[in-house]
Amino acid sequence: MNLEDFLAYIILPILSSSTLLVFIRFLMGPSLSDRVVSLDLLITIGISIIAVYSIVANRPSFLDIAMIFALIAFLSTVAFSYYLEKRKKNE
Amino acid sequence: MNSLILNTISKTLLPLLVLFSVFVLLRGHYLPGGGFVGGLIAAIAFILHAFANGLNETKKILRIHPGFLIPIGLLIATLSAIAPMIITGEPLMTGLWYEKDIPILGKIGSALFFDAGVYFVVVGICLTIIFTISESV
Amino acid sequence: MTWFASLLPISLFIYFSTFAKGVMNGEIFNFFTSWVPSLGINLDFRLDNLALLFTLLITGIGSIVFLYTSQYLKGHPKLMRFYVFLSVFMGAMIGLVTSNNILTLFIFWELTSISSFFLISFNNTEKASRKSAIIALTITGLGGLALLAFGVLAGQMTGTYSISEMLQSPEAFASHEYTGYLLLFLFLATFTKSAQFPFHFWLPGAMKAPTPVSTYLHSATMVKAGIYLLLRFTPHFEANPQYFNIMLIVGGVTMLYAAINTLFKTDLKGILAYSTIGALGIIVFLIGIGTSASITAAIVFIVVHALYKASLFLVTGTIDHQAGTRDITQLAGLRKVLLPLSIAGIIAALSSGGFPPTVGFLGKDLIYEATLHGSISPALLTTLAVITNIFMVFAGLLVGVKPFTGKLPEALGPIKKPHFILWFMPMILAALSLLFGLFPSMVQSLFTNNITPLLTGENSPHLAIWHGFNLILLLSGITLVFGLGLYFLWKPSHQKEDAIAKIEGYAPKAIALQFANLFQKTSYFLTRTFQNGYLRRYVMIILVLLTIVFGIHIFINPRIFLSLTEIKSLNWNEIVVLLMMLISILFTVFTKSRLTAIAGMGVLGYTMCLIFIFYGAPDLAMTQFSIDTLTVILFVLVLYRLPKYLNLSNKTNRIRDAIVATSFGTFLAFTIIEIMNENPVKGVTQYYAENAYTLAKGKNVVNVILVDFRGFDTMIEISVLAIAAIGVFGLLKLYLKKHEK
Amino acid sequence: MNDIIIMVIISLGTLFILLAAIGLVRMPDLYLRMSVTTKAATLGVGLILIGLALHYMETSITTRVIAIIVFLLLTAPISAHVIGRASYFIGVPMWKKTKIDDLEGMYNTKTHELKSGFEEEPEPEAED
Amino acid sequence: MEILLAIMTGILYAAGIYLILRRSLVKLILGIVILGNGVNLLIFLMGGLVKGRPPLIPEDASALEGIFADPVPQALILTAIVISFGLQSFAIVLIKRAYKVLKTDDIDTMNKTDDIT
Amino acid sequence: MSEHLTIYPIIVHLLTAILLLLSWMNPKVQRYISIIGSIVGIIVGGLLFSQVWTEGIQSVQLGNWKAPFGITMVADTFAVTLIVLTNIVALAVSIISTRNMVSSRLKFGYYAIFHFLIMGLSGAFITGDLFSLYVWFEVIIISSFVLLTIGGRNIQIEGAVKYFTLNMLSSIIFLTGIAMVYGVTGSLNMAELSRIIPEIENQGLVHTISLIFFIGFGVKSGVFPLYFWLPASYHTPPAAVSALFAGLLTKVGIYAMIRVFTLIFPLGEINQMILMVVAGFTIFFGGIGALVQKDIQRIFSYLIICHIGFMVGGLSLFTEVAIVGAVMYMFHDIIVKATLFLIGGVMYRIFGSTRLYDMGGLMDNYPRLSFLFAIPMFALVGVPPLSGFWPKVSLFMASYTQGEMFLLIMFIFASLITLVIIAKIWNSTFSKKPVEREKRKAFKYFEKFSFAEKAAYIVPIIILVGVTLYYSFFAEHFQVISERIGKELMNTEHYYNAVFGIKEETKL
Amino acid sequence: MRVQFLLNILLAVVWVFLTGTVNATNFAFGFILSYLVLWLISSNDDKRKYFVIGPRIIGFAFYFLYELVKANLQVAADVVTPKFYMEPGIVKYPLDAKSDLEITLLANVITLTPGTLSLDVSDDRKVLYIHAMYVSDKDEFIDSIKNGFEKRILKIVR
Ligand code: NA
Ligand code: NA
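In order, the protein sequences belong to chains A, B, C, D, E, F and G.
Numbers given in the numbering used here equal positions in the first sequence, counted from 1, plus 20.
Numbers given in the numbering used here equal positions in the second sequence, counted from 1, plus 900.
Numbers given in the numbering used here equal positions in the third sequence, counted from 1, plus 478.
Numbers given in the numbering used here equal positions in the fourth sequence, counted from 1, plus 790.
Numbers given in the numbering used here equal positions in the fifth sequence, counted from 1, plus 119.
FYI, the numbering used here numbers position 112 of the sixth sequence as 98, with every residue one higher than the one before it.
Numbers given in the numbering used here equal positions in the seventh sequence, counted from 1, plus 9.
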């Protein structure tokens, strides 16, 4: 088994399954924070999926997407937190 | 947000992200990226800074109202678009290219300036929108 | 100085008179300037006998009215405006009767409607005036549009808009697929304008105008426009019996209906209004008989009617001006104060009644002559004519004689002598009635000798006051006797007027108004039903339409290729992505919390990114991701001031919406699958692949498209962004002060 | 570089990610979930990225991998920190078996100020 | 996958439509965002699906050869995404302003514009 | 220089807008820039027109990429005439805005967005690329949103929500259509599409796609039953903005409809019938809507809808003569509707309200103004020889030659109801006694205006009325132009040749 | 220290020019080379600090990695086994670190190691609140951090 096949048939499915697990937490919640954390983790896993996929498809340029994911993913988390605090403050 | 940790990191990330955004802008013609995404990243950098340190701090860093970046960007893009009409008499948006390669940037041409215009506009609009909203909350 | 304005009609009258000699010798004067030749609309004027008759009436009576007005409205603040309107109206009338181009004619026709609108509502602060004006305008406007349709149809059918040239294509007017429409439109135009039953009711309302206007509009001009057109097109329709039959019926009904109505009016102008309608009915009726005698009668009657009706109107006006009332029940004995006026009134009344030796007698004779020798049922036609004329006698006497006879009621108070213009003008007209009556040969040589052949191809019968003792004389006698009898026996009163008012609910006017009312209500209902302010319904309608479009497509043109091999080739990643996408959609749709919905949207965007990555669109993935992040930030920043979701729609709504949404989605999906089976040759894509680097010096083809091949799109796109940003800025920052709004 | 080593590194990374995912589902409260997951995933991604760098063995890619890892190390704790503090603030409940809560009562709910408990001069209470 | 994505596009449209038919302004905007995603996916599908072959000219080549994803729809989507972003941000602010001045999120209470007064 | 003229109308307004943004805080300068920009726009439009008129359809290949690889801008007679008219309206609105728009609005980019809107309109008219058309539409939509909402009162915001939602929806529909066209043909160049589409084997699909376009454009152009956003929003913004919207926005929808249904999807029998029915209903519902309204701006809004029926009806007949009529009507409508909304603005200043009930006495108090106002009002009715009359001749002709008496009767209905409505307005506004109000609004009434302010309100109306009168008395000019447009639209090879640089042997 | 760093870069650039090969690898090589050279020629303590930091950072990185893996494994065991052995709690951690940078670094490092999570810093910067999974003994927990991460970080930064 060469690397590409290994990644495509073993690693990627595992990563996808992890995604699914995280997604389940996203659906379950129960709090908004849980969902935000799930979203954050989803994106992190996405970075790994992209990395692995870039090897599978032999497109190193996909790494750039991963880079952008890594840089700005947490911004929505910050935004949500900002929201949670502000909302509390307003109430 | 009143968080020491976030404040510190955001100050570190700001130059990093801005640098990165320029990088993304410059390489767009060859690899994924370009003025649009670059502009977004730059904007996000400042937005993060604003989240962490408050709007006023960020505005101090920016010095000018982000709204001004919009006409500036538009002007750059427009000029690079009409440059061929003036310089070579070719139609609007015709690419003008400097013959030789330039280190790092590769080929330099009007498309690059155009992309830079896009970059500025995007930064300007994102910041204008987000800042306006946070101010008027 | 206000009489100065009268120089206009007077000089025009003189000007047109100079053509009289030539025209009477059979000459036809043409004036042609091209205007909009591409449409076949030209300034094509043609002065023949018929046109001349009308121009002289228009300018002649116009002169009188202009002069009369100078005293009647003396010192009125809006006198100049009045003259302007009147002049425009006169000009339009002249244009109308001299146009040889049917569309140019239409232009003038509409101008008369519009300028009469202003004239009728001249007393603009009175609600009744305004209402009458609008009714008149609506009715005549409808007619005008019908005329346009007629003109265009006739023009298309004959290939010319020149009225005289249309004569070359008689078949268009006789038997053509669209001749029916032609008739419909023409009659709609003329019957509305000339106040034929059931469109007549605008005319009594138009009496709200100052009396000079009524005089002008209803004696010689406005209402005669329809008559003019009918006469003008008589040669064209020569071979079409329907043309004449319809007129006969409509004219007959109109004259009878109007005649009877005169009994129940107490306002002088009201009586005159109905007698005008009656006269118009008679003219249409005469044209409808369609013989040369009847046409001649119609022409003569036009002149007769113009003279006496104008005169009576002016008399009425002076009475009103001096006595301050037009109520016939209150008026009597005015001869003592207004002697010259009473002479004019009596002469006009006599002419109206057809007493010899006025020209009215001549007219009446010709009418009976025509009915007696009509093509169908002379007895019936004659009976109708006699009955009508009896009422006309009555009406004439009532207006022209009654106010002057008897004892002056004290209630009227002291009455000043009028300015001489106010009695002299009606007097001129009355004198003319008398003059023409005494010398019928003048009428014949001036009018009928030339016009009758023009319209019928036959010579005019000999006109004379005295034809010897014959049936016609007898009929005239009967008419006068019964008319006089009616005048002495029937006293108009308010009670009678009120009594008839009770059944006026069934009159055309009431029906029309009810219809208008109903129409208004229906309009209101429909407008509120459709434009009810509920955005969701608006959206719904659009979506349902779209769904129907796709649905029909799927059902009548099913080309769906589903292959299972595709499902088998799926790998786990794809399944996971699809699953996540599906669930996050459902989640976003059905969650009870806004924030969770936004988070769900974030996941949705993220799965889109993954799809873009898997299928070779890194730029898209990047952009989608950054934009999604920004959108989430935006939402979050905005949302915390907004209230929580409320579950607002009820279950039925939700089910209904779900049905629409799912059927739309399903149909769309099928259509997409269908489209994906098309495999177009993508020349453009191929070109980009080959030339992105060599010609545009970029290796990221998507980016090269964005900044070069289709760079201008990007230019516009950033403009969109700029606008949006400015908009956001303004929307949130700009709060206008009260005075700035 | 030998493919086997890359496979091992990537597999390890994947394993950590899987663990993080499982942890996220299994852990009983938000704080524990965050505790478990954010870092495991960061480690996992880092390993996978290293594997990728080893696979390509190109400067441009290696630098980018390093950049991503640095970015992650900078941002991942921030996410956890901001969401954790916000959650505590709005009262996302802790697991029933939580032993200590030193943070309790330290936040000023109005001003968001956080006390240390070591303040030198306790500020006089504001009169409302 | 093509067919599944086609169906997914249908679902996105359906979801968007369902949301914009709700009475809440927020849902309305969410619906529009989802519809936007649907359109993007549709455009993407219209270019034909090609796995893992982005339209990037390799470093050692001067043209794209063989199979590659159609760049045209990608460029169109990019433009569309950006434009929708502009519109959406404006819309989001609009609902904020609407809520501020009208004091409601319920679209059904916004029916004054068509009153006949 | 002259070979690039095609693109100038866009560049002029783009640069003007940028300049305006740069002079952000200086309303005074903005006013001058805007007026100068509009005047330059008219000049450029005029030059382009004369070029098109003498040399035939002009095209520019943006980026110097030959069609269909880049974006082609095509100025045919239709487009260029619309551009000239657009710029004239722009000048008028620009002038009235100097006073109708308070300085604070200008500081929030009013003028810049206004010029972006004009740029968008010009772009939509001359683009030869389907996707580009979408992008131009978005420029138009977003700038109109902004103009609609800035400084918004409650009702304005409410109107904007409706406007936004429905227009957004229509954009999505339009984009869906474009995607499908690309999926079927692999091309976006409109000229190329005109050749590819007929070759498609699956014509059923093509037909469905054409209907999607119809619905998309239908919303924008305000046809039944897709017009709801229009009456809900057009009466809400200041007069200058309403005038701009009324004159131009719906026309872009119509323009697109005419363009697409002549060039890309020439109307077949079914679509003709659909359009015809739609036209009839549009006339009917627009007309009755206008009839029941009590506010002058709302009445005009509904009349916009009603008169859209003329244009859609003309298109539905699909003969050269009918297209001529539709196009002629469009030209007339652009000018007159804009004028009417400007007049509405003046009336608002005079009476402090736009409700008919609150008005009156205009004719007695402002006789000269009344005369001025009467011209566009009666032109709208189509009182001959004013501008509204001329197109009807062609439309009536075409209805007759196509044997569509239904349409003919609907046209008559539209004219009649317009007549009644205008007469009603006349009665309430001009004729009736002014309403005595105890409490007057606290704002500057027209009578208190300085001369300059009055001029700013009246000069634009005079300009537009001047155009109307020119149209009215020199209708031949417009007729000849429209006939050429009809020829160009109905014979697509001219367009195709211009785009693909094929020399034509015979000129039009 | 800053001077040293700039000098280092300058020398690396000079190296690049000298060798005539303009690329990243050569620059990195030049950088390391000049670093060593500078280290050799450095005279006083202040200058020396620049050269102590390098190895310390590397040392810290390894320590961090070690802690990361170790803790990860510990948590992993807890995650995959059915029963939870954790004793979670929020611990008030008194800070020695003073500057923004120090506190942030420490907090982030703590967060990055599994099982612990920096929740917030008190406004007077005296205390860091840490959520931890395993706090069987609070003092021991605090000590482990004090002597582990905090000490190392302070060494690098100060
Ligand atoms: Na790009
Ligand atoms: Na180019």
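In this text, a Cβ means the ideal position worked out from N, Cα and C, and glycines have one as well.
According to DSSP, G:P103 shares a beta bridge with G:V136. Within 7 angstroms of the CB of B:I1025, the CB atoms of chain C belong to L1199, A1200, A1202 and A1203, in sequence order along the chain. Proximity of the segment 1047 to 1065 of chain C to the segment 29 to 47 of chain A meets the contact definition, three or more beta-carbon pairs being nearer than 8 angstroms.
The alpha-carbon of C:G1083 is positioned some 32 angstroms away from that of C:I1030.
Boundaries of the beta strand (DSSP E) around C:F510: F507 to V514. Burial is judged here by how many other beta carbons sit within 10 angstroms of a residue's own beta carbon; C:G1078 has at least 16 and is buried. Taking 8 angstroms as the CB threshold, C:V1067 stays off the interface with chain A. Bridge partners of B:W997 according to DSSP: B:G1009.
As the crow flies, the alpha-carbon of C:V1067 is around 7 angstroms from that of E:A134. Secondary structure note for C:T1000: its alpha helix (DSSP H) is the uninterrupted segment P986 to F1008. Take the alpha-carbon of C:A684 and the one of C:L695: they are about 9 angstroms apart.
Of all residues in the segment 26 to 58 of chain A, none has a C-beta nearer than 9 angstroms to a C-beta of chain B. In terms of beta-carbon proximity, B:T1028 stays away from the interface with chain D, with every pair separated by 8 angstroms or more. For E:I139, the neighbours in chain C by C-beta distance under 7 angstroms run, in chain order, V1017.
Residues of chain A with a Cβ closer than 7 angstroms to the Cβ of C:Y1165 do not exist; the shortest Cβ-Cβ separation is about 23 angstroms. For C:A529 and C:F722, the gap between their C-alpha atoms comes out near 21 angstroms. CA-CA distance, D:D891 to C:L1120, rounds to 33 angstroms.
Out of D:I807, D:L805 and D:R816, the CA that lies nearest to the CA of G:F93 is found in D:R816. Contact annotation: in the segment 852 to 876 of chain D, residues whose CB is within less than 9 angstroms of a CB in chain B are A857, V860, F861, L864, T865, P867, I868, H871, V872, R875 and A876.
Rounded to whole angstroms, A:P33 and E:F187 show a C-alpha spacing of 25 angstroms. Here C:M635 is buried: its Cβ has 16 or more other Cβ atoms, across all protein chains shown, within 10 Å. DSSP lists C:V514 as the bridge partner or partners of C:I519. Within 8 angstroms of the CB of B:G933, the CB atoms of chain A belong to D84, in sequence order along the chain. Interface annotation, A:A90: not in contact with chain C, CB-CB separation never under 8 angstroms. Within chain E, no C-beta atom comes nearer than 8 angstroms to that of F:D344; the closest sits roughly 11 angstroms away. Scanning chain B for C-beta atoms nearer than 9 angstroms to the C-beta of A:L95 yields I944, I947, L948 and F951, reported in chain order.
Inclusion of C:Y1166 and C:F1187 in the CB contact set at 8 angstroms is warranted, their separation being smaller than that value. Against chain C, a Cβ distance below 8 angstroms from F:A177 picks out nothing, because the smallest value is about 13 angstroms. Bridge partners of F:R341 according to DSSP: F:D281.
Residue nearest to F:G331 within the set F:I447, F:K237 and F:F304 is F:I447 (criterion: CA-CA distance).
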